[in-house]
Amino acid sequence: MIRTAIDRRPLLVRQTTPEDAKAAATEFLLDFVGSQLVANSPVSMTSALRSVWIVPVSLAYIHTGSLGEIGVIAVDEETGEVVAWTPIDQMKAESRALRAAREPQISEQFRAFISTDNQSAGL
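Mind the numbering: the sequence shown is residues 155 to 277 in the working numbering, read in order.
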């Protein structure tokens, strides 16, 4: 087995900020997965070859907030490109399962949200 020092980082010029990584992940989600998915705060991950931002992805609704994490997206720290992700079918299946598990609560929160919004508007 070949051993590599774990304190060595790949030589790169970090050009992507956490905010850039989150924006790249959000664009990927909107283009390929769905609009109810939210990119959360990225964390840096380093391998022997490259460094990436790991961006957790959650299912969320405006009236409930986050229902839970359904996958991750990896964004290259040097280029800002999305380089890996939880398989899209898996993210969609996790989203459906989370929604089904919380369905009565989600519907109740939506009705309360709409009712509050209508009261605020004077309807």
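C-beta: ideal position from N, C-alpha, C; glycine also. Just so we're clear, the structure is a prediction, and the values are computed from it rather than from any experiment.
Contact between F186 and I242 holds: their C-beta atoms lie close to 6 Å from each other, under 8 Å.
Here the alpha carbon of A202 sits roughly 36 Å from the alpha carbon of A251. Between the alpha carbons of I260 and N194 lies a gap of roughly 21 Å. Around P210, the same chain offers N194, E223 and V226 as residues with beta carbons nearer than 6 Å, after the five sequence neighbours per side are excluded. Annotation: A247 to K176 spans about 22 Å, alpha carbon to alpha carbon. By the beta-carbon neighbour count (other beta carbons within 10 angstroms, threshold 16), L184 is exposed.
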